[in-house]
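Participant:
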Amino acid sequence: MLAAGGLAATFLALPLLGLLVRAPWGALGSHLASAEVRSALGLSLVCSLTATLVCLVLGVPLAWVLARAEFPGRGLLRGVATLPLVLPPVVGGVALLLALGRLGLVGRWLESLFGVRLFGTPAGVVIAEAFVALPLLVLTVEGALRAFDRRYEDAAATLGASRWYAFRRVTLPALAPSLVAGGVLAWARALGEFGATITFAGNLPGRTQTVPIAVYVELQKGIEDAIVLSLVLVAVSLAVLVGLRDRWFPAP
Amino acid sequence: MSLSASIEVRLDGLHLDVRLGVSTGETLVVLGPNGAGKTTLLRSLAGLLPLRGRVVLDGETLEDSAAGVRVPTERRPIGFVFQDYLLFPRMSVEDNVAFGLRARGAGRETSRREARAWLERVGLGDKAAARPSALSGGQAQRVALARALAISPRLLLLDEPLAALDAGARGEVRRELRRHLSSFPGTRLLVTHDPVEAVALGDRLVVIEHGRVVQEGAPEELGRRPRSPYVATLVGLNLARGRADGDVVELASGAVLTAAARAKGDVLVALPPRAIALYRSRPEGSPRNVWRARVEALDVGRESVRVHLGDPLPVVAEVTAAALADLEVRAGDELWASVKASEVELYPA
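Order-wise, the sequence lines are chains A and B.
Heads up, the first sequence is in the numbering used here, so the first residue is 1 and it goes up one at a time.
Heads up, the second sequence is in the numbering used here, so the first residue is 1001 and it goes up one at a time.
(1) Three or more C-beta pairs under 8 Å: does that hold for the stretch 1031-1041 of chain B against the stretch 1005-1018 of chain B?
(2) Quick check on DSSP: helix, strand or coil for B/Gly-1021?
(3) For A/Gly-182 versus A/Leu-137, is the C-beta spacing smaller than 8 Å?
(4) Taking the alpha carbon of B/Ala-1146 as the point to measure from, which residue in B/Ser-1133, B/Leu-1165, B/Ala-1164, B/Gly-1123 has its own alpha carbon closest?
(5) Distance, Cα to Cα, B/Arg-1330 vs B/Asn-1289?
(6) So, does the CB of A/Tyr-216 fall closer than 8 Å to a CB anywhere in chain B?
(7) To which residues of the same chain is B/Glu-1160 closer than 6 Å at the C-beta, ignoring the five residues directly before and after it?
(8) Measure the alpha-carbon distance for A/Phe-114 versus A/Leu-191 and round it to whole angstroms.
(9) Since B/Ser-1304 and B/Val-1315 should fall inside the 8 Å C-beta cutoff, what is the C-beta to C-beta distance between them, to a whole number of angstroms?
(10) Could you tell me whether the Cβ of B/Thr-1110 comes closer than 8 Å to any Cβ of chain A?
(11) What does the alpha-carbon distance come out to for the pair A/Val-228 and A/Ala-161?
(12) Which first and last residues belong to the beta strand (DSSP E) in which B/Thr-1258 is found?
(13) Would you kindly work out how many angstroms separate the C-alpha atoms of B/Pro-1273 and B/Leu-1201, rounded to a whole number?
(14) Using alpha carbons as the reference points, say which of B/Glu-1345, B/Gly-1186, B/Ala-1293, B/Leu-1234 lies closest to B/Arg-1154.
(15) Please classify A/Thr-10 as buried or exposed, where buried requires at least 16 other C-beta atoms within 10 Å of its C-beta.
(16) Span of the alpha helix (DSSP H) holding A/Ile-213?
(17) Consider the Cβ of A/Pro-173: report whether some Cβ of chain B lies at a distance smaller than 8 Å.
(18) So which residues of chain A does B/Ile-1352 contact, with C-beta pairs closer than 7 Å?
(19) For B/Gly-1211, would you say it is in contact with chain A, using Cβ-to-Cβ distances shorter than 8 Å as the test?
(20) Let me confirm a value: B/Leu-1313 is counted as buried when at least 16 other C-beta atoms fall within 10 Å, else exposed. Which label applies?
(21) Suppose you measure from the CA of A/Val-180 to the CA of A/Pro-84; what does that come to, to the nearest Å?
(22) So the beta strand (DSSP E) B/His-1308 belongs to, where does it begin and stop?
(23) Give the straight-line distance between the Cα atoms of A/Asp-154 and B/Val-1267, rounded to the nearest whole angstrom.
(24) Assuming B/Pro-1348 is part of the beta strand (DSSP E), what are its boundary residues?
(25) Output needed in chain order: residues of the stretch 1181-1209 of chain B with a Cβ under 9 Å from some Cβ in chain A.
(26) Quick one: grab the DSSP three-state call for B/Glu-1250.
(27) Taking CB distances under 8 Å as the criterion, tell me whether A/Ala-155 reaches chain B.
(28) Which residues in chain B have a C-beta closer than 8 Å to the C-beta of A/Val-289? List them in chain order.
(29) Look at the alpha carbon of B/Pro-1033 and the alpha carbon of B/Tyr-1230, and state the distance between them as a whole number of angstroms.
(30) Label B/His-1015 either buried or exposed according to how many other C-beta atoms from any shown protein chain fall within 10 Å of its C-beta, with 16 as the threshold for buried.
(31) Any idea what DSSP makes of A/Ile-227, helix, strand or coil?
(32) Can you find a CB in chain B that lies within less than 8 Å of the CB of A/Arg-38?
(33) Going by DSSP in three states, A/Val-116 sits in which element: helix, strand or coil?
(34) What residue from A/Arg-117, A/Glu-142, A/Phe-148, A/Gly-107 has the CA that sits closest to A/Leu-62's CA?
(35) Our contact map puts B/Glu-1345 next to B/Ala-1270 with C-beta atoms below 8 Å; I'd like the distance itself, whole angstroms only.
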C-alpha cells in the first residue's frame, strides 16, 4: 500500500520536477521580458479577470435561482449549468462557434445588427473562458446559499428591510467567503483555458493568444519560452491551492 | 383590544387554528408544548407565513385573507425577538441595533445615535463595537431586544426568549426582561413552553396544544383549575373528568369523590398531590374520601416523594421523605389514601 502510494505521488510530482529541472533559471528574466511572453501574460491576465467578473455578475443570480426558486425543470437547468465542467473544452468551443460565431445561431445577428465580432478578438477569449469557468462559481455559491440560514432574511424583514436590502446587507456578506472561493476557482480555470479559447477565438498573437495557447505554440519553436510560461501557470495554480487550502483541504 | 387575530395555518402536519386578543400594555403569554404551533403563530402574525384569517393591530388591518389584504413583513409595525436571536454575525452589535432604522431609510448618524441609546438602555453601551459572537447568551438576548425595540414597533413578538440560555443565567435575564417588557408601551405577545417563564412574564396566559387554544386566563386561574392534562402537569395538579350531582362526583375511572362545592353535569376535578394523604391502615375520623390504592411507582425527589397510585383513582400523591420512611412502602404495595372534601376543586368541564 505504502509503495503504491509512493508511486502515485511520484507520478504526480515527476512532471513538476521535470519543469523545475529544465527551467532556464539564469535567463528567466530575459524570457519573461520577451515581447511574445509579455503580451501573452498581459492578455491572459486581462481576459481571465474580465471572465471572472462576468462569472460573478451572471453566476450569482443563477446560483440564487438554482438554490431558491421552485420551478419545473430546475434539475435540467442545473445540468446545463454544470455541463461545461465535464464537456471537453474543445467541444465547448465548437458549440460556442455554432451559437455565437459569424455564421452561428445568434452570432450572425450580432455582426449584422451590432457589428460585433467575437472570433479573433479578446472579447471572444473572455466569452470562451467565462463559459468554462462559470459552473465552478455557480456551484460554489449555490452550495453556500443552500447552507445559509434563511431566517436571517426573516429577521431582516421584521426590521423593515426590503428583500433587496436584506440580500445586500445580510445574505451577500454571509456569502463572501464562497464568492471569493468560487471567484478564485473560476479565475484559475479561465487562466488555464485552452481548448474552447483556441476553437472559438482563434490564435492571434496579442489578440487571442493567451498563455496556454502561447505555451503550445512556443513548444513548436523552442522549448524554453514554453517552460517559462508553464512555470508561471504552475506558480499561479499553486498559489490558488495554498490560498484555498482551508476551504478544500481542511487540516485533519 | 389592540391586537385581534384569528389565524388558520396548515404547515407540515400542524393545523393551527386560534383566535387571540391582546390589549395595549398587556403581555399575553402563549404557553404550549413543543410542536403546538407557537412559533408558527408568531411567524404568521409577522407576515412570514401565509395564513387564512384576519390580523388587526390598533385598528389597522395587517392581513385579511378574505379581502385579499396582506401588509408585507417589512411594513408591519412589529418587533420580533427570535428564539436564537439571529443577530447578524458579520455586523457589530451597534450595526445590528441600527439595522432596522437604516433599512427604514434613517441616516447613518441618526441610526448610530439611536442604536447607542438603546444599547445604553439595556446596559450594553460598552459592547457597541463587539461582534455578536463575543456576547454571552444573556447579552445577545438584550441586543436582540434592543434591535427589535429600536424601530419603535407597536407589537412586540418574543419567541422563547429565555430558551437559549443556560439555567444559571435565566433568573436574572428573566427579571431584566420583565422590566424591559413593562416599559415597552405597545402590545406584547410572548410564546414559551416554560410555565415558570409564563407566570413570571405574562399578565394573561393562553395555552395551546396541537394548534388549538385549550385554556385561557390569568396565571392563578390556570394554577387552580387546569382544563387539560398538559396544563395540569405544568401546574402540578391531578386532573380527572367526571359527572357531578350535588357534591358527589363520579369520575370516568369509576371512583366517587365528595367535594365541598356543588355542581351538576360534566365537571373537571383537580386534586393537589400534597392534599392526598397515605396510610398503612384505614384512617379513622373525618375525611370523606378514603380509598384503597395500589402503589404503581415512586419518584424520589430531594425533599419529597411522588407516589403514583393505580386504579380506581390514578393520581399522584406527594409525601415527605420522612412520611414515606414511616410507611415503609414499595411499588406494588396496597395502601389507604384519603383527601379532604375541601381539597377537591370542582368546576364545570
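No residue lacks a Cβ here, since even glycine has one placed at the ideal position from N, Cα and C.
Facilitator: The relevant details are as follows:
(1) yes
(2) strand
(3) yes
(4) Looking at the Cα atoms, B/Gly-1123 is the closest of the given residues.
(5) 23 Å
(6) no
(7) Gln-1083, Thr-1192
(8) 28 Å
(9) In fact, because the Cβ distance is near 15 Å, the residues do not count as touching under 8 Å.
(10) no
(11) 53 Å
(12) Unbroken beta strand (DSSP E) run through B/Thr-1258: 1256-1271.
(13) 26 Å
(14) B/Gly-1186
(15) exposed
(16) 211-221
(17) At least one beta carbon of chain B lies nearer than 8 Å to the beta carbon of A/Pro-173.
(18) Outside the modelled stretch of chain B, which goes from 1001 to 1349, sits residue 1352 of chain B, for which no answer is possible.
(19) Output row for B/Gly-1211: interface = no.
(20) Burial of B/Leu-1313 is indicated by the presence of at least 16 other C-beta atoms within 10 angstroms of its C-beta.
(21) 21 Å
(22) Where B/His-1308 is concerned, the enclosing beta strand (DSSP E) stretches over 1304-1309.
(23) 45 Å
(24) 1345-1348
(25) none
(26) strand
(27) yes
(28) The question about residue 289 of chain A has no answer, for chain A in this structure spans 1 to 252.
(29) 8 Å
(30) The residue is exposed, with fewer than 16 neighbouring Cβ atoms inside 10 Å.
(31) Reduced to three states, the DSSP call for A/Ile-227 is helix.
(32) no
(33) coil
(34) A/Glu-142
(35) 4 Å
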